[in-house]
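Step one of this worksheet: look at the structure below.
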Amino acid sequence: MGSEPGLTDLPVITIQHDFPEVISDIKNEVCLAEDIWISCYRSSSSSSNTTENRRSVHGKVRVSSNVLDHPQQTQHNLNDLISLEGRDGVECRWADDASFSQLALIVTCEPLSIPPTTVSFPSQTLDRIQPNGIECMDVAGEWLVTGGKNGQVRVDRWTTQPADTLHDELLCWIGKGHVSDLTSCQFVGFLH
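Here's what the structure looks like:
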């Protein structure tokens with residue numbers, strides 16, 4: 116597979132940049148299905164054994180909700196709630212450890228002899244503020260409000276001092292009052 120002994124040519128796999136937003140839309144029932152694109156590439160030296168010396172494949176994946184198939188389902192397992200169906204030379208499935216907060220796919224492209232390859236997506240978290248990820252935020256003066264997954268809202272005071280030198284209970288307020296992910300938060304009638 117490698118161009119030189121001991122070296123392995125790695126495939127390049129690119130996935131539609133807003134794939135995480137597509138998953139969020141389907142999870143929140145904004146839409147029930149959508150197509151995304153996946154492109155796979157091989158260098159010219161590693162493509163010599165592939166059909167017709169192809170160096171790229173541009174396929175589609177149908178991302179769809181399984182809610183209609185399992186309306187009473189209470190699990191939040193990504194694989195059970197959202198299905199993936201590849202076409203045009205690209206196949207994919209959820210990685211075993213994939214979750215809504217850490218998306219990961221296994222992509223395969225037989226026309227380019229690309230074996231099952233894990234593709235992980237970055238996720239930004241501020242572990243001390245919202246360990247499961249920030250969905251929305253607002254700033255008012257020296258205060259920051261964030262809405263996280265699972266309905267958690269948190270109000271923090273911005274400070275220039277290291278967080279470990281301050282008492283957390285004096286700097287933040289954490290509340291939970293929403294049933295699902297928060298998509299918007301705002302300071303209204305803020306008291307100083």
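Under my numbering, the residues of the sequence shown are numbered 116 to 307, in order. Yeah, the Cβ is synthetic: ideal placement off N, Cα and C, and Gly gets one too. Note that the coordinates shown come from a computational prediction; the quantities given were computed from them, not determined experimentally.
To which residues of the same chain is Thr232 closer than 8 Å at the C-beta, ignoring the five residues directly before and after it? Pro126, Ile128, Ile221, Val222 and Thr223
Measuring CB atoms only, is the stretch 143-158 touching the stretch 175-184, in the sense that at least three cross pairs come out at less than 8 Å? yes
Bridge partners - Val127, DSSP secondary structure assignment: Tyr156
Cβ-based neighbour list, Val145, same chain, cut-off 7 Å, excluding 5 preceding and 5 following: none
How far does the beta strand (DSSP E) with Glu206 in it reach, from first residue to last? Glu206 to Trp209
May I have the straight-line CA-CA distance separating Gly290 from Ala210, to the nearest angstrom? 33 Å
Taking only three categories from DSSP, how would you classify Glu144? coil
Expected contact under 8 Å - CB spacing of Leu297 and Val270 to nearest Å: Between Val270 and Leu297 the Cβ distance is about 13 Å, and since that is not below 8 Å, they are no contact.
For Ser171, collect the residues of the same chain with a Cβ closer than 6 Å to its Cβ; drop the 5 residues on either side in sequence, then sort them by chain order. Tyr156
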